[in-house]
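Notes follow once the structure below has been shown.
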Amino acid sequence: MMQRFIGFVRKEFSHIVRDRRTAAILFGMPVLQLLLFGFAIKNEISEIRVGILDHSHDLVTQELTDKLLSSGTFVATATLSNEREAGEAFASGRVNEVVVFEPAFGDRLLRDGHAGLQLLTDGSDPNVSRIVAGYTTSVVREYLREKGLAASGIEAVPLMMFNPGLKSVYLFVPGLMAMILMLVSALMTSISITREKESGTMELLLVSSLRPVQIIIGKVVPYLVLAFVNVITVVALAFFVFGVPCRGSILLLFLESLLFILTALSLGLLISTITSSQQVAMMISLAGLLLPTVLLSGFIFPIASMPWPLQAISNLIPARWYLVIVRGVMLKGAGIAVLWKETLILVVMTALYLTFSVRKFSERLQ
Amino acid sequence: MAGLRVVGHLLQKEFLQIFRNRGMLPIIFIMPFIQLAILSNAATFDVSRVPFHLQDFDRSSLSHRLVESFSSSGYFRMTGHSFARKTALDVLLSRDADMVLVIPEAFEKDLATTGHTRIQFMINAEDGFTAGVIRGYADEIVSTFNRDLPSLMPQSDRLVKPVFDIDIRQSGWYNPELLYTYYMVPGIIVILVTMIGLFLSGMNVVREKEIGTIDQINVTPIRRWQFITGKLLPFWIIGIGEFTAGIVIARVLFHVPMIGSYALIYAAAGIYLLVVLGMGLLISTMTETQQQAMFIAWFFSVIFILLSGLFTPTESMPGWAQYLTQLNPIRHFVDIMRRVMLKGAGVELIMQPLSILGAQAILMLALAVNRYRKSSR
Amino acid sequence: MPEQVIHTDKLTKRFGTFTAVDGISFSVRPGEIFGFLGANGAGKTTAMKMLTGLLIPSGGLATVAGFDVYREPESIKRSIGYMSQRFSLYDDLTPRENIRFFGGIYGLASKELREKCDRMLERLDLKGVADTRLAALPLGWKQKLAFSVALLHEPKLVFLDEPTGGVDPVTRRRFWDLIYQAASGGVTVFVTTHYMDEAEYCDRVSIMVDGRIAALDSPEELKRRYDAETMNDVFISLARPARRSE
């Protein structure tokens, strides 16, 4: 019996590996994606195109402008003489930001103690708007401090814990791991099972002496191994190429990843039991899972910022919990004592998916 | 024209098949819009009510005042307080708080005597971007507090020196309230239209290969352009339909402005869909199984989506990556959508991305027609 | 009309180092039912795909309906009908829709098509299920429909690739009635099969072994030559030395 089962697993393996193209994609894709995204996706902006609209033209505005442009981040792409030109500069995408000095800026600052500075940003991208305005504000503050003009009093010293360089890679590596594992596992299992259903070979398997549970396990095990290889590659790349540390136990990280792969595989299983055709299974696992996994997992957008109904929905996304775990272990060195809740949630999800699919599967048999 | 009649027959057949596939209908026609309506709200970096933990070693009336200004700002809420440095780390580790506010002993006394003192924010920076936002809020609160200090401590002569300040007011052109939905909704419409178009067209021809009907078509005298047109047009029509529904949702549900012209945006959508569908058909003609086709389609769509400037600004990418994104059709269409809808850009301002899309459409379709062989080797 | 509907000379197809069809030469005369026999993997389907313009040969010559397989595959396609081994109509369409679709692809005018469609459904006794999806019909019905669809544009030559796979002998016999009907109307039929009883129905048969034609003649002549009772015995004595059987 056991021997027959092992033979079945081996057959499933050779199916995957024999299809060279799919195998190449499965192993190569995560590597390529991680490299590409790791280097390309950042949230900090290296070059801000700024337009200066100076209604004052005095010593202070000149100094402030120089200070801004010498910081290295800002590049003056437009010198403007009125508000209308600012509009044109935005429309053509020439500037991200326009700095407007009010008339008699320097006089008012030195005589009255305050002057007005307006930052116009391209609000069609609120994200860039915010970053740009933040950078500009800090340059202005620094100017005041240097000149000895800043209000004295409390000085705030920020301490950025776990990621002092505020590197985006630290944020994206765990996110990419979650996304790749989720989609590869869910997609592959759901397709491989519905394909057997479509071509009628599932019937053949079912009349064989293998038990349904064995068939399911046999279908799932190869992908489990495959996804685990992906985990190892991604973690190694993250460490050696991007210098993302693993401060906690690497064993824990691998075990948790295994758990997450199981969750994703059982979700794929569930999808395959409720659908009848490859097309539907694929569309659900791809078009249905891609955006929620990217948007609701905390991969890019912080969950805490979402409106509460979305926060509630995000609890249903397995990737959300895995992300907390990966970041916890890798960046914060957290142990299971801290992460037991997230782990438990993944275990429960996996159990639920599996129970549902096995029940559905045996219903179909009767 | 007899040639076009053949296309018509193919069209009719594809539509029959699409609408007869009960399992697919909700996925094509309902799921995208649910995602649009729900997920557009997810994309925001506006952090509100950040949980913070307090370590107040001073316990003076002034330190209470400072804590009060944090709690009442709306940006922060206190989740606990303690006095051991170890505890501070623990709350950050377990995510009970994202920031620890540390006020040192002699906080009030130092201020009164020297006019200067320090406090510390320990911020959970695993998500560097959010950490930056949190820091910005905290800095803001402290600098407002500093401005009010002279009136809070009139007895301290160290604080009465004149205060100079530059009053910075930020406003967003096109989107004064900096609403994220204005920015996300057009982008998510693009993604949904892309996924549906790419996946459906990517699966289509390879499916006929798998079930064997492709041979039956290949022994007929059908022309290659007729075949590709017949395969492309149904999904083009569906794509335009989905696009329209997306625009309606954007306008009605999210009140996204539409400053530019509808004609322009539809022209761009029409060209963009040709790129996507051409790519799908190309994948479909080059693969042997639906599984392979879907993997390739997925691979490219993930890369295109994440490097489109939709979630993270293209401005922040290194130079080589920015050049690379010039090849990315999603990037250009997202760009066009935002420019036309939010900024009212006319045709001359979107000429560059539009002509890149046009060139890509021609290339993809030419490749698809070329790669589709009625006779194999 | 040329003397021979199909003519091949040393027609060869190689896939890498594997020679699927190894220099076959034969001719098919107008109006005959030509049986193309061979074990699984002998190269029948590959040969047929070359003749129908689906596959480009690696070497040798072939003309079909007077057209060259290299230079004029599209003209060949206009002159032939084809029904493939894997059932090849659309399962999710009805018989009527399938007929309309393939008729349309061959460029039949819509009025003509509608009349033809009704007549065909009547003749095949499929009127009652004209608007039922194919998926719900028995295999034998689908096969006769596929055959008629292959003849829709009135080709002079029709290729049938294992047209009766998977159905019972009675259904197969009925299918052959349809083939005879078509042949009596002047259509040349080129049919592959691995049912040896069907070989007896052909005017002439060729037997492929390992990519080559091992014998080609009328069934009677073959039986005499190999001193066999049935075509099955002929086939066994020819195919036994084959290297490539499954």
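Chains as they are written, first to last, in my numbering: chain W, 787 to 1152; chain C, 2 to 378; chain V, 150 to 395.
Yeah, the Cβ is synthetic: ideal placement off N, Cα and C, and Gly gets one too.
Quantities reported herein were computed from a predicted structural model and do not represent experimental measurements.
For Thr131 of chain C, the enclosing alpha helix (DSSP H) covers residues 129–153. In this structure, His54 of chain C keeps its C-beta atom at 7 Å or more from the C-beta atom of Ala107 of chain C. Listed in chain order, the positions of the stretch 205–225 of chain V with a beta carbon within less than 7 Å of a beta carbon of chain C are Ile205, Pro222, Glu223. The contact set of Ile977 of chain W on chain C, defined by CB atoms closer than 8 Å, consists of Gln291, Gln292, Met295 in chain order.
With respect to the 7 Å criterion, Thr1079 of chain W and Met968 of chain W are classified as neighbours on the basis of their beta carbons.
Taking one beta carbon from each stretch, the stretch 1051–1070 of chain W and the stretch 972–989 of chain W have 3 or more pairs nearer than 8 Å; the two touch.
Shown here, Val1110 of chain W sits in a helix according to DSSP, grouped into three states.
Residues are counted here when their Cβ sits less than 7 Å from a Cβ of chain W; for the stretch 319–334 of chain C these are Pro319, Ala322, given in chain order. When DSSP reads this structure, Glu883 of chain W sits in a beta bridge with W:Val836, W:Thr907. Around the beta-carbon of Gly858 of chain W, fewer than 16 other beta-carbon atoms lie within 10 Å, marking it exposed. Scanning V:Phe175, V:Phe183, V:Leu294 for the CA closest to the CA of Val354 of chain V turns up V:Phe183. Comparing alpha-carbon positions, the option among W:Gly939, W:Met946, W:Leu1012, W:Val999 lying closest to Val970 of chain W turns out to be W:Leu1012.
In this structure, the alpha-carbon of Ile1089 of chain W lies about 59 Å from that of Gly190 of chain V. Put simply, the backbone Cα of Pro222 of chain V is about 20 Å away from that of Ser237 of chain V. Between the C-alpha atoms of Leu150 of chain C and Asp111 of chain C there is a straight-line separation of about 13 Å. A direct Cα-Cα distance of roughly 14 Å separates Ser259 of chain V from Gly4 of chain C. Its Cα nearest to that of Phe46 of chain C, the residue C:Pro314 stands out among C:Ala322, C:Lys375, C:Tyr324, C:Pro314. The Cβ of Ser297 of chain V sits no closer than 7 Å to any Cβ of chain C. For Gly202 of chain V, the closest Cβ of chain C is nearer than 7 Å. Distance from the CA of Ile254 of chain V to the CA of Ile229 of chain C, rounded to the nearest whole angstrom, comes to 13 Å. Annotation for Phe300 of chain C: the continuous alpha helix (DSSP H) segment containing it runs 291–307. Residue burial is scored here from C-beta neighbours: His801 of chain W has fewer than 16 other C-beta atoms within 10 angstroms and is therefore classed as exposed.
A Cβ-Cβ contact shorter than 7 Å links Gly281 of chain C with Gly203 of chain C.
Contact check for Ala1073 of chain W against Met352 of chain C fails: the beta carbons are separated by 7 Å or more.
Annotation for Leu199 of chain C: Val277, Met280, Gly281, Ala298, Ser302 place their beta carbon closer than 7 Å to its own, counting only its chain and skipping 5 residues before and after. The C-alpha of Phe305 of chain C lies about 35 Å from the C-alpha of Val7 of chain C.
Looking at the backbone, the Cα of Ala285 of chain V and that of Gly256 of chain V are separated by about 28 Å. For Ala211 of chain V, the three-state secondary structure derived from DSSP is strand. Of the candidates W:Gln848, W:Val881, W:Leu952, W:Leu952 places its Cα closest to the Cα of Glu127 of chain C. The residues Trp325, in chain order, have a CB closer than 6 Å to that of Tyr350 of chain V in the same chain once the five nearest residues on each side in sequence are set aside. Unbroken alpha helix (DSSP H) stretches of 4 residues or longer found wholly inside the stretch 266–332 of chain V: 288–299, given in chain order.
Note that the stretch 314–323 of chain C does not touch the stretch 1081–1100 of chain W; fewer than 3 beta-carbon pairs, one per stretch, sit closer than 8 Å. Inter-residue distance for Leu179 of chain C and Val1007 of chain W is about 48 Å (C-alpha atoms, whole angstroms).
Near chain V, meaning a CB-to-CB distance below 8 Å, the residues of the stretch 6–29 of chain C are Arg6, Val7, Gly9, His10, Leu11, Gln13, Lys14, Leu17, Gln18, Arg21, Asn22. For Leu160 of chain V, the beta-bridge partners assigned by DSSP are V:Ile173. Those residues of the stretch 32–54 of chain C placed with their C-beta closer than 9 Å to a C-beta in chain V do not exist.
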